[in-house]
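Q: Heads up: the sequence lines are chains R and V, in that order.
Take the first sequence: its letters are residues 26 to 408, numbered as in the working numbering.
Take the second sequence: its letters are residues 26 to 408, numbered as in the working numbering.
Number of protein chains: 2
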Amino acid sequence: MKKLLLSSVILGCISPVYAQEALGFAPNSKSPVVNPDSTVTLSIRAPKAEKVSVFGFSAYQPIELTKGAEGVWSVTTPKLKPDLYTYSFDIDGVRTIDPANAYTARDISALFSEVIVPGGNADLYAVQDVPHGTVSKVWYNSPILGMDRRMTIYTPAGYEDNKDKRYPVFYLLHGMGGDEEAWNELGRASIILDNLIASGKAEPMIVVMPNGNGNMAAAPGHTGDGMYTPNGEYSKAEPGKFEKSMADIVKYVDSHYRTIPDKAHRAIAGLSMGGGHTWRTSMMMPDDFDYIGLFSAAVRWNGSGVDNSDEGLIKPLERQFKQAPKLYWIAIGKEDFLYDLNKDYRLMLDGMKIPYEYHESEGGHTWTNWRDYLVLFTPRLFK
Amino acid sequence: MKKLLLSSVILGCISPVYAQEALGFAPNSKSPVVNPDSTVTLSIRAPKAEKVSVFGFSAYQPIELTKGAEGVWSVTTPKLKPDLYTYSFDIDGVRTIDPANAYTARDISALFSEVIVPGGNADLYAVQDVPHGTVSKVWYNSPILGMDRRMTIYTPAGYEDNKDKRYPVFYLLHGMGGDEEAWNELGRASIILDNLIASGKAEPMIVVMPNGNGNMAAAPGHTGDGMYTPNGEYSKAEPGKFEKSMADIVKYVDSHYRTIPDKAHRAIAGLSMGGGHTWRTSMMMPDDFDYIGLFSAAVRWNGSGVDNSDEGLIKPLERQFKQAPKLYWIAIGKEDFLYDLNKDYRLMLDGMKIPYEYHESEGGHTWTNWRDYLVLFTPRLFK
């Protein structure tokens with residue numbers, strides 16, 4: 026009786042007869058498979074397809090799959106550098122995720138499948154069996170933006186148990202089209218922090234990832250606007266207002282978390298638009314951040330509400346560097362479309378004899394670079 | 026110059042020339058469209074397909090789409106009851122999410138697209154512009170299971186600001202194949218709680234959603250096991266051990282959150298396997314839970330490590346009801362494959378003169394029912 030019961034429960038749950046909306050299994054094909062030689066084999070069963078390609082492994086040049094037995098298409102990529110790759114299939118003109126892969130990340134309105142090719146920094150993007158921090162979706166009120174807004178907050182392992190300990194805070198800002206989920210999903214920020222802290226390479230710290238779109242309360246689907254199709258909400262934001270509202274965020278974090286509320290224990294960094302936000306915020310709040318990271322930053326960007334006049338740019342920069350931050354770190358890829366903008370900015374800083382560190386990488390305006398920059402920048406903080 | 030710069034930054038970010046892995050947009054087709062008459066129109070561009078169907082709107086009978094202009098297939102469903110629907114396309118034998126829909130939920134190893142048909146309880150499944158609680162992914166140590174494990178914890182709006190206020194706790198358990206993400210994703214638990222609390226229908230409470238698979242530390246992809254293909258890890262768990270480890274969870278929550286740590290301020294409920302866990306845990310901890318919810322519960326389930334003898338079942342039940350809980354709530358659908366099991370259990374309770382409340386719904390073993398049960402059960406708690 027007991028055995029029978031057990032079987033019926035299990036059968037009931039996984040057999041097609043009973044399977045209702047509660048249970049979903051991937052198709053039998055195993056994809057992706059990461060091979061020992063750092064290639065990745067992808068496969069998908071599409072018996073009637075005429076052409077199947079995969080995008081994502083070679084800077085957006087598609088790789089064609091070959092049809093094999095039982096309608097299963099497959100391909101093995103060239104040897105790949107260690108990294109987190111996002112990819113999608115194109116089956117006769119229909120773009121889709123890999124249906125055999127449960128792991129995806131959203132980028133604006135599209136989902137991509139994910140796979141990690143291990144080695145190097147990519148091992149920091151994979152969850153390891155180390156102590157894990159807590160990741161929370163927190164709502165705060167912003168008087169400056171006039172709304173309740175959502176952010177992602179990482180508190181390091183041990184935060185809940187060491188009730189007397191106070192922590193430094195790292196504010197980490199996303200780019201255009203992103204939101205408060207971008208750094209943690211595509212950027213793997215909390216996983217990277219877990220791993221860097223566990224290995225002693227980074228100090229335990231709180232990481233705050235706000236929504237940098239000053240007109241939005243939260244990521245798509247998390248507001249009363251419903252499950253609309255996101256299209257990158259940046260264009261509607263009032264220039265410069267999000268940067269002003271960083272003061273609300275710092276105030277909220279300092280009053281709700283066990284922070285060390287001074288310049289020496291605050292860092293700020295951002296990518297692309299968020300690099301512009303970082304650049305401008307650190308200038309507007311010269312006494313608040315000792316560590317500043319500009320990742321492929323949209324510096325001098327009009328959208329930041331700054332002009333290039335003496336009043337708008339030169340004097341605030343001079344003011345910021347009167348008590349120079351401990352680290353002003355500029356990073357960009359050689360192929361980044363913002364390369365020249367950053368070069369001009371560095372020339373200006375040189376002319377003003379403003380000290381900074383510069384990191385030039387291969388590649389362009391990519392999460393590959395931004396994850397790398399996070400891995401390089403974070404160990405420099407609060408030491 | 027400023028205008029030029031702005032344009033180049035925006036163009037640089039969204040034009041195909043520059044679009045790198047940072048930006049993804051859905052195809053132009055708008056799908057799904059929820060119509061005013063509670064039908065849903067779905068469409069997908071698949072110019073070369075021979076047959077396109079959608080699964081999910083009629084108890085797993087597929088609905089065929091029709092090919093129209095420019096290779097766009099579409100269909101309008103029959104009028105649908107208000108609910109959250111999960112669905113997927115089948116394009117010539119390839120299962121895929123709706124590429125124009127950014128909203129998905131994972132169910133074991135498969136992703137499904139999501140759409141809400143508004144009205145009735147479904148309005149509680151949609152995010153409303155009300156005060157929102159905080160949702161956290163928290164790691165705790167379980168001495169009984171011998172590992173660090175992850176759970177989802179919801180703290181209600183106001184928790185962070187009312188530092189002197191203490192809250193009741195609702196432990197909410199998932200079913201087979203699920204994990205600590207299931208109730209919040211497929212079950213929309215934190216959204217439902219936000220809405221019920223904001224309208225005054227439910228008390229502000231903490232909701233704890235652990236991982237009920239005693240052999241797993243966390244949902245797939247969140248452990249050192251990497252991004253493996255989940256297959257429902259339930260079969261490997263030692264029977265009864267998760268229920269024992271609920272004591273670790275209660276202890277952790279009472280020592281890390283501002284709870285009211287007594288029976289009158291603790292509820293526990295679960296669906297299917299989690300209903301079995303609830304049933305057994307509430308028997309093993311008779312002085313700890315005053316509100317018990319069995320949703321389509323696998324009661325008497327061998328996997329709970331209980332036998333049906335006097336020692337294993339009758340005496341613990343008598344012990345539990347010596348100080349009867351305030352609410353012992355049994356709910357199941359008429360078509361649920363566990364219907365007879367629950368009927369037998371109720372007959373036994375009747376014979377023992379044990380008081381309970383019974384809710385019988387239409388339908389079967391589905392999230393439709395479990396979300397409904399959550400909406401019915403939660404307002405009954407802590408009053």
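Where a beta carbon is used, it is the ideal one built from N, C-alpha and C, also for glycine.
Model, not experiment: these values are computed from the prediction.
Quick check on this structure: which residue in R/P245, R/G265, R/T159 has the alpha carbon closest to the alpha carbon of R/A214?
A: As a position in the first sequence, residue 214 of chain R is number 189, starting the count at 1. Ranking the options by Cα distance to R/A214, first place goes to R/T159.
Q: Check the Cβ-Cβ distances between R/Y398 and every residue of chain V, and say whether any is below 9 Å.
A: Position 373 of the first sequence holds residue 398 of chain R. Chain V, which has no Cβ nearer than 9 Å to the Cβ of R/Y398, makes this no.
Q: On a Cα-Cα basis, can you pick out the residue from R/M298, R/E95, R/Q345 that is closest to R/L374?
A: Walking along the first sequence from the start, residue 374 of chain R turns up at place 349. Measuring from the Cα of R/L374, the nearest candidate turns out to be R/Q345.
Q: With 9 Å as the threshold, decide whether the Cβ of V/E46 is near any Cβ in chain R.
A: Locating residue 46 of chain V in the second sequence gives position 21, where the first residue counts as 1. The pLDDT assigned to V/E46 is 37, lower than 50, so where the model puts this residue is not dependable; a value taken from the coordinates is nonetheless given after this. Output row for V/E46: interface = yes.
Q: Which residue or residues does DSSP assign as beta-bridge partners of R/R120?
A: As a first step, residue 120 of chain R must be located in the first sequence, where it is residue number 95. R/R120 pairs with R/D115.
Q: Quick check on this structure: which residue in R/I231, R/I217, R/V140 has the alpha carbon closest to the alpha carbon of R/F195?
A: Within the first sequence, residue 195 of chain R is the residue found at index 170, counting from 1. That would be R/I231, whose Cα lies nearest to the Cα of R/F195.
Q: Which residue from V/D148, V/M172, V/Y316 puts its Cα closest to that of V/N236?
A: Counting from one through the second sequence, the residue named residue 236 of chain V turns up at place 211. Nearest C-alpha to V/N236: V/M172.
Q: From this set, V/L90, V/E95, V/T177, V/S321, which residue's C-alpha is nearest V/W395's C-alpha?
A: The count along the second sequence starts at 1 and reaches residue 395 of chain V at position 370. Nearest option by C-alpha distance: V/S321.
Q: DSSP beta-bridge partners for V/N394?
A: Taking the first residue of the second sequence as 1, we reach residue 394 of chain V at position 369. For V/N394, which the question treats as bridged, DSSP gives no partner whatsoever.
Q: 9 Å is my cut-off, CB to CB: does R/A182 come that close to chain V?
A: To locate residue 182 of chain R, count along the first sequence from 1; it is residue 157. Judged by the 9 Å Cβ criterion, R/A182 is in contact with chain V.
Q: What residues in its chain sit with their C-beta under 7 Å from that of V/S99, if we drop five residues either side in the sequence?
A: Translated into the one-based positions of the second sequence, residue 99 of chain V becomes position 74. Closer than 7 Å at the Cβ level, and outside the excluded window around V/S99, lie T66, L67, S68, L90, T91, G93.
Q: Check whether the Cβ atoms of R/D62 and R/K106 lie closer than 9 Å to each other.
A: Stepping through the first sequence from its first residue, residue 62 of chain R is reached at position 37. Stepping through the first sequence from its first residue, residue 106 of chain R is reached at position 81. Contact: no.
Q: Between which two residues does the alpha helix (DSSP H) holding V/E268 run?
A: For the purposes of this step, residue 268 of chain V is identified with residue 243 of the second sequence, where counting begins at 1. Per DSSP, V/E268 belongs to the alpha helix (DSSP H) from 266-281.
Q: Helix, strand or coil: which one does DSSP assign to V/S215?
A: What you label residue 215 of chain V is simply residue 190 of the second sequence in a count that begins at 1. Helix at V/S215.
Q: Got a sec: is the Cβ-Cβ distance from V/I133 to anything in chain R below 9 Å?
A: What you label residue 133 of chain V is simply residue 108 of the second sequence in a count that begins at 1. So, interface residue.
Q: Pick out whichever of R/A135, R/E139, R/A125, R/I141 has its Cα sitting closest to the Cα of V/S134.
A: Counting from one through the second sequence, the residue named residue 134 of chain V turns up at place 109. Looking at the Cα atoms, R/A125 is the closest of the given residues.
Q: Report the start-end ranges of each beta strand (DSSP E) in the segment 73-99 of chain V that is 3 residues or longer and not cut off at the edges.
A: 77-80, all fully within the segment 73-99 of chain V.
Q: Please list, in chain order, all residues of the same chain as R/D75 whose beta carbon is under 6 Å from its beta carbon, the five residues on each side excluded.
A: Start at 1 with the first residue of the first sequence, and residue 75 of chain R comes out as number 50. Note that residue 75 of chain R is Glu in the sequence shown here, rather than Asp. Once the five neighbours on either side are set aside, the close Cβ partners of R/E75 are D117.
Q: Using CA atoms only, rank isn't needed, just tell me which of V/D273, V/V275, V/P156 is closest to V/L218.
A: Residue mapping note: residue 218 of chain V aligns to position 193 of the second sequence, counting from 1. Taking only the C-alpha atoms, the option nearest V/L218 is V/P156.
Q: What's the C-alpha gap between R/I339 and R/G376?
A: For the purposes of this step, residue 339 of chain R is identified with residue 314 of the first sequence, where counting begins at 1. For the purposes of this step, residue 376 of chain R is identified with residue 351 of the first sequence, where counting begins at 1. Their backbone Cα atoms lie some 11 Å apart in a straight line.
Q: Any chance the segment 191-205 of chain V sits against the segment 136-150 of chain V, with 3 or more Cβ pairs inside 8 Å?
A: Touching, no.
Q: With DSSP run on the structure shown, which of helix, strand or coil describes V/D313?
A: Position 288 of the second sequence holds residue 313 of chain V. If DSSP states are grouped into helix, strand and coil, V/D313 belongs with coil.
Q: Strictly below 8 Å CB to CB, what residues from chain V border R/Q153?
A: For the purposes of this step, residue 153 of chain R is identified with residue 128 of the first sequence, where counting begins at 1. Those within 8 Å of R/Q153 in chain V are G249.
Q: Anyone know if the C-beta pair for V/N166 and V/Y282 falls short of 9 Å?
A: For the purposes of this step, residue 166 of chain V is taken as residue 141 along the second sequence, with counting starting at 1. For the purposes of this step, residue 282 of chain V is taken as residue 257 along the second sequence, with counting starting at 1. No, the Cβ-Cβ distance between V/N166 and V/Y282 is not below 9 Å.
Q: Here's a check: name, in chain order, each residue in its chain whose Cβ is nearer than 8 Å to the Cβ of V/G183, leaving out the five neighbours to either side.
A: Within the second sequence, the letter at position 158 stands for residue 183 of chain V. Excluding sequence neighbours, V/G183 sits near P156, K190, P229.
Q: Against chain R, does V/D62 count as a neighbour if the rule is that its beta carbon must be under 9 Å from one of theirs?
A: Along the second sequence, read from residue 1 onward, the residue named residue 62 of chain V stands at position 37. Judged by the 9 Å Cβ criterion, V/D62 is not in contact with chain R.
Q: Show which residues of chain V have a CB atom less than 8 Å away from the CB atom of R/V160.
A: Numbered from its first residue, the first sequence carries residue 160 of chain R at position 135. Here the neighbours are S161, K162.
Q: Please return the same chain residues whose Cβ sits closer than 6 Å to the Cβ of V/A47, not counting the five positions on each side in sequence.
A: By one-based count along the second sequence, residue 47 of chain V stands at place 22. Any reading at V/A47 must be qualified, since the residue scores a pLDDT of 37, below 50, and its modelled position is unreliable; no value is offered.
Q: Can you give the Cα-Cα distance for R/V275 and R/T306, rounded to whole angstroms?
A: Within the first sequence, the letter at position 250 stands for residue 275 of chain R. Within the first sequence, the letter at position 281 stands for residue 306 of chain R. So the two alpha carbons sit approximately 11 Å from each other.
Q: Check the Cβ of R/E409 against every Cβ in chain V and list those closer than 8 Å, keeping chain order.
A: This structure cannot settle anything about residue 409 of chain R, because the visible part of chain R is limited to 26 through 408.
Q: Please report how far the alpha carbon of V/I342 lies from the alpha carbon of V/G265, in whole angstroms.
A: On the second sequence, residue 342 of chain V is found 317 positions in, with the first residue counted as 1. On the second sequence, residue 265 of chain V is found 240 positions in, with the first residue counted as 1. Looking at the sequence provided, one finds Leu at residue 342 of chain V rather than Ile. In a straight line, the C-alpha of V/L342 is about 16 Å away from that of V/G265.
Q: For a contact defined as C-beta to C-beta under 7 Å, what are the partners of V/E185 on chain R?
A: In the second sequence, counting from the first residue as 1, residue 185 of chain V sits at position 160. Within chain R, the residues near V/E185 are H281.
Q: Do three or more CB pairs link the segment 351-361 of chain V to the segment 376-391 of chain V at distances below 8 Å?
A: They touch, by the three-pair rule.
Q: What residues are listed by DSSP as bridge partners for V/G295?
A: Counted from its first residue, the second sequence places residue 295 of chain V at position 270. DSSP lists V/L198, V/L319 as partners of V/G295.
Q: Could you have a look at V/L372 and say whether DSSP puts it in helix, strand or coil?
A: Sequence index remark: in the second sequence, residue 372 of chain V carries index 347 (1-based). In the structure shown, V/L372 sits in a helix (DSSP, three-state: H, G or I).
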